[in-house]
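Numbering (this note's numbering), first residue to last: 19 to 364.
Beta carbons are placed, not taken as given, at the ideal position from N, Cα and C, and that holds for glycine.
All values reported here derive from a predicted model rather than from experimental measurement.
Report on the following structure.
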Amino acid sequence: MMHAGIVLILVLFSCCALCTGPATEEPCEEPVPDPGCEETRAVDIPAGSVTFDPTGDKPVRLIFIHHSCGENWLTDDNGNLARALMQNNYFVSDTNYGWGPGYGPESYPIGDMTDIGQWWAWFRSPQAAAIMDRVYKEDGQHSAYTRFAESPGGENEIIMFKSCFPNSALQGNANDPVPSIDNNPLREDGAWSEYHTVANAKSIYLDLLEYFKTRPDKLFIIVTAPPLSDGTHAANARAFNTWLVNDYLTGYAGKNVVVYDFYNVLTSNGGSSSTNDAGKESGNHHRMENGAVRHTVESGMMGTHNTAAYASGWDDDHPTAAGNQKATEEFVPVLNHVYAQWKAGT
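Here it is as structure tokens:
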């Protein structure tokens with residue numbers, strides 16, 4: 019679900035410690051579900067008619083908090099996201115492993131901590147003010163990609179952040195009661211934790227709204243974690259991300275938070291993991307259609323496809339270039355739209 023007002027802070031918190039580096043294995047074949055008897059659940063995200071015109075003299079500053087999946091998405095020869103953003107007049111910076119101040123008694127670089135439970139450290143911990151001050155001012159490049167040569171100055175206006183695919187292994191039941199943040203053992207913890215459950219993850223994100231509402235001058239874009247090939251927790255991952263898109267922002271008065279469902283985009287392909295289905299009517303998408311943001315989940319004879327459609331190998335769930343390029347094609351127009359809505363206050 020997209021919320022109109024937004025501070026675009028692209029903090030792509032990509033992989034956790036289990037995500038190593040850009041994938042090098044040959045992509046494996048992964049067929050899409052049988053298209054017979056398809057039922058499509060599509061949600062039009064309410065939005066006005068304002069559209070970002072990427073022609074201004076001064077680029078919009080955006081930062082993406084990520085690890086290796088985000089790095090691959092940004093890179094010119096993989097997802098090509100950074101170049102596409104530059105072509106739409108965004109000045110892209112990023113964080114990665116090793117970035118930022120030390121956190122906690124062991125002083126781990128906060129850039130190492132991008133799992134769902136660890137977002138609490140970035141936005142709500144006693145160190146959050148100092149961490150986010152660094153995020154807003156960061157204009158460095160911590161991955162290889164094409165961007166404008168010179169910063170336009172000022173602070174990052176858009177904050178985009180995402181966790182990596184291990185975060186899709188959400189335990190528990192999708193409808194378990196959500197604990198208060200004070201009683202949430204997932205705070206500061208990683209995706210490997212026994213407390214990495216749907217309910218605890220919901221609690222983390224709900225608490226982040228307390229920070230987001232204090233910064234209406236920033237647009238926060240939550241990018242959902244990529245899917246896993248292993249179907250053990252796939253239904254939970256689908257349920258959680260559907261909640262983020264459809265229900266998370268219910269009752270939030272601000273207009274500066276947007277959810278982009280990277281997970282959903284990466285759960286359908288064009289016949290194999292090396293061929294995407296961007297531009298096709300069928301499949302799972304999060305894109306602009308007829309001037310509105312549209313989130314589409316397709317269900318066929320085999321049910322909804324909830325696992326990775328672009329795994330780089332049988333043991334590697336980093337999305338392939340084809341999957342990342344689909345995400346770029348669908349995401350950038352959405353970003354232009356929601357940024358315009360936020361700037362217009364609609």
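- So what's Arg101 in DSSP terms, helix, strand or just coil? helix
- Query: Per DSSP, what kind of secondary structure is Asp133 in: helix, strand or coil?
  - Reply: coil
- Query: With a cut-off of 8 Å, do at least 3 Cβ pairs link the segment 178-195 to the segment 93-102?
  - Reply: no
- Express the C-alpha separation of Gly122 and Ala139 in angstroms, rounding to a whole number. 9 Å
- Task: Report the rounded CA-to-CA distance for Met160 versus Phe230, giving the unit in angstroms.
- Result: As written in the sequence, residue 160 is His, which differs from the Met given in the question. Each residue's alpha carbon lies about 25 Å from the other.
- Query: What are the complete alpha helix (DSSP H) segments, minimum 4 residues, inside the segment 199-241?
  - Reply: 216-230
- Task: Please name the residue, chosen from Ala339, Gly116 and Val352, that lies closest to Cys87 on a Cα-to-Cα basis.
- Result: Ala339
- Collapsed DSSP secondary structure at Pro245 in the structure displayed: coil
- Have a look at Leu224, Pro144, Pro337 and Asp94 and flag the residue whose alpha-carbon is nearest the alpha-carbon of Leu246. Pro337
- Query: Closest by CA to Ile81, which one among Ile177, Ile134, Tyr213 and Gln189?
  - Reply: Ile177
- Identified DSSP bridge partners for Val78: Tyr108
- Is it buried or exposed for Ser125, if we count other Cβ within 10 angstroms and need 16 for buried? exposed
- So what's Val275 in DSSP terms, helix, strand or just coil? strand
- Presumed contact (8 Å Cβ cut-off) between Tyr278 and Val241, rounded CB distance: 5 Å
- Task: Pull up the CB-CB distance for Thr293 and His303, whole angstroms please, since I reckon it's below 8 Å.
- Result: So it is not a contact: roughly 15 Å between Cβ atoms.
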